[in-house]
Amino acid sequence: MIRLPGSLSSIRGRETLARAQALKRTWPVVMDLCVAGIGLACFYGVVRIAHYWFGHAEPEIVISLSPRALPLYAFYSIVRIGLAYILSLLFAVGYGYVAAYSRRLEPLMVAGLDICQSIPVLSFLPGVMLAMVALFPTRQIGVEMGAILLIFTGEVWNMAFSFYSSIKSIPRELSEAATIYRFSRWQRLWQLELPYGAIGLVWNSMVSVAGGWFFLMACEMFVLGTRDFRLPGLGSYLQTAASENDTRAIVMGLAVMIGIIVAIDQLIWRPAIVWSDKFKFEQVEGGAHVRSPLLHLLTHSGALRTLRRHTLDPVSENIYCSLAQRRERRLSLADGVTEKKGSAWFRWVAVLLLLVAVIYLASEALILLRQVRAPQLVAVLHGAAATFLRVNIALVIAAAWTIPVGVAIGFNPKLARLAQPLAQIAASVPATALFPVILLALIRVGGGMGIASILLMLIGTQWYILFNVIAGAMAIPSDLREVAQLFHFSTLQRWRTVILPGIFPFLITGMVTASGGAWNASIIAEYFHLNNQTMQTVGLGAQISSATDHGEFHLLLLSTIVMALMVVTINRLVWRPLYRLSETRYKLDA
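Residue numbers (this note's numbering): 41 to 630.
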């Protein structure tokens, strides 16, 4: 007797198995084709941007508000922000590493970070742009490199602070293990310090790129004395649309920017977050994890796996072996004194050259400051007091909502999947594009530039705190959270014993960079062009913007010095003791 249903069932089962095997064979090929397509697109982009940069410089570029110009403008802006971010990442790792391990240079380098993060982009603008244009007078690359370096000055400082703080808070047992296994400096950096600081670097990278979008409008289109610099890009498109009060163009530009931000979040930041989660310092594995389809595609690509097995792995192994052998030879040498003398002479020559450069620049600055009159000095000091008050109001408001929200996002992967892209979009949309609407609404209700400037500082700087708190909450080991749950800690006990101590180093980094970012944002918040009118309020940022517009470099230098001195003083009296507290009392040790 024939059993037809059973036969049909077995036939269907074999067909399903055959389809699954065929899909298993073809899926790696599809992933390899996707990776190859990404590589070809990147190659074409490099060729296109090189052809534009090395072309002849265009004296006056007219920014078109046509929708057809948006794709090319968006491409140019993405390249500028991307190159500025790569420079920022390399600088942050190198600077943070040297500052963390050099006892002699650490105070000077940390003070340099304090000063540089407080100097507004417009203060860097004259020297950077004129130097780049003079270096490449006949090529477009001069102006482009100037814009990239200006965006770099708005992205780099919080990343450097984050990596420096991560190195200073590495658990003692991990450092001792690296010493016992005789890691070279390269191995220690690659296998201990970078992995331990990966979570903080990823989240600070997100807020740095958001800061790049924030200052894009100021870097792609600005006036320097009698010269008008314009670069084709989304920033200049939005600024032109805002100045001409073209609502349709503003909406289209913002829509394109939001689309780019969402794409970057899915293609770059989401895989980076998933990848960095494996570097969390914990004794037990956490529960839920964020997933990334793109990271799954890259890790399961046969072509990339073959490339890594035949190129990257052998090269890295050879590098590690050569470094280990070189270290053994250096330790066995008996004439190490000669090398120390040579290195000492090199250091003394470098210090002497640096001292000569500082003396020369200081003398030139003093000559320039001789043009400052007493009423101008009083106005600068008055503006500094007003900006100081606005910055601290913005910081208090930002901390009040970002700390609880950041902890909630960091503790809940499901909430992070929804909230993190929204926060990235909100942080990346330039507040300067929304500022005209906010300003007009406040003027109608009687608020004015004073309140509007605080709102713009808040919109531009609150993300530094939020993203650092999220990184700190994600870095808290799962076993500590499980212990708090096991012993039935109350909400207050969890915050006092687990959450606040765990996020404290990240929170201080966020507060420091947010403070510097608020001072930096004052140049736009207190001085704004709207409908061919200049609207300003009393403040140090307004002094810097006005001096830049009118080419008054002595006032620009004086205002920048006053701002840097105020930020450094605050950091020395408030933030530096808190940093030391995070490195000692709240350091995560076994």
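By construction, the Cβ of each residue, glycine as well, lies at the ideal position given by its N, Cα and C atoms.
Bridge partners - residue i, DSSP secondary structure assignment
{"i": "Phe568", "result": "Met575"}
{"i": "Arg270", "result": "Met261"}
Residue i - containing alpha helix (DSSP H), residue span
{"i": "Ser202", "result": "181-208"}
{"i": "Trp13", "result": "Outside the modelled stretch of the chain, which goes from 41 to 630, sits residue 13, for which no answer is possible."}
{"i": "Trp535", "result": "Premise fails: Trp535 is in no alpha helix (DSSP H) and is neither H nor E."}
{"i": "Ala121", "result": "As written in the sequence, residue 121 is Ile, which differs from the Ala given in the question. Ile121 -> alpha helix (DSSP H) spans 110-141."}
{"i": "Thr219", "result": "212-220"}
{"i": "Val445", "result": "414-451"}
{"i": "Arg521", "result": "518-526"}
{"i": "Ile494", "result": "488-515"}
{"i": "Trp226", "result": "225-228"}
Beta carbon of residue i nearer than 8 Å to that of residue j
{"i": "Ala90", "j": "Ile188", "result": "no"}
{"i": "Val608", "j": "Asp286", "result": "no"}
{"i": "Thr574", "j": "Ile584", "result": "no"}
{"i": "Phe201", "j": "Thr442", "result": "no"}
{"i": "Thr577", "j": "Ser493", "result": "yes"}
{"i": "Gly27", "j": "Leu462", "result": "With the chain represented from 41 up to 630, any question about residue 27 goes unanswered, as that position is not in the structure."}
{"i": "Gln411", "j": "His594", "result": "yes"}
{"i": "Gly136", "j": "Phe203", "result": "yes"}
{"i": "Phe386", "j": "Leu479", "result": "no"}
{"i": "Gly293", "j": "Leu274", "result": "yes"}
{"i": "Leu597", "j": "Leu458", "result": "no"}
{"i": "Leu21", "j": "Ala218", "result": "Residue 21 cannot be examined here, being either before or after the span of the chain that is shown, 41 to 630."}
{"i": "Ile505", "j": "Ile449", "result": "no"}
{"i": "Met19", "j": "Arg270", "result": "The question about residue 19 has no answer, for the chain in this structure spans 41 to 630."}
{"i": "Arg88", "j": "Ile191", "result": "no"}
{"i": "Glu623", "j": "Ser206", "result": "no"}
{"i": "Tyr32", "j": "Leu392", "result": "For residue 32 there is no data in the structure shown, the boundaries of the chain being 41 and 630."}
{"i": "Gln533", "j": "Ala438", "result": "no"}
{"i": "Met603", "j": "Trp559", "result": "yes"}
{"i": "Ile239", "j": "Lys320", "result": "yes"}
{"i": "Ser562", "j": "Gly579", "result": "yes"}
{"i": "Phe316", "j": "Val398", "result": "Rather than Phe, the amino acid found at residue 316 in this sequence is Ser. For Ser316 and Val398, no; Cβs fall outside 8 Å."}
{"i": "Asn611", "j": "Gly550", "result": "no"}
{"i": "Ala139", "j": "Leu145", "result": "yes"}
{"i": "Leu112", "j": "Pro354", "result": "no"}
{"i": "Val538", "j": "Leu526", "result": "no"}
{"i": "Ala424", "j": "Met606", "result": "yes"}
{"i": "Ala114", "j": "Val296", "result": "yes"}
{"i": "Val168", "j": "Gly182", "result": "no"}
{"i": "Ala29", "j": "Glu592", "result": "Lying outside 41 to 630, the shown extent of the chain, residue 29 is not represented and no answer is given."}
Cβ-heavy atom distance, residue i to the ligand HEM, below 7 Å
{"i": "Tyr504", "result": "No copy of the ligand HEM occurs in the structure displayed, which carries no ligand at all."}
Below 8 Å, can you find three or more Cβ-Cβ pairs linking the stretch 277-289 to the stretch 421-434? no
Count the CB pairs spanning the stretch 184-198 and the stretch 117-134 that are closer than 8 Å, and state whether there are at least three. yes
Minimum length 3: unbroken beta strand (DSSP E) runs contained in the stretch 542-621: 567-570, 573-576
Contact between the stretch 534-552 and the stretch 491-498 (3+ Cβ pairs under 8 Å): no
Any chance you could list the beta strand (DSSP E) runs of at least 3 consecutive residues sitting entirely within the stretch 281-309, in chain order? none
State whether the stretch 207-215 contacts the stretch 239-247, with contact taken as three or more CB pairs (one from each stretch) at a distance under 8 Å. no
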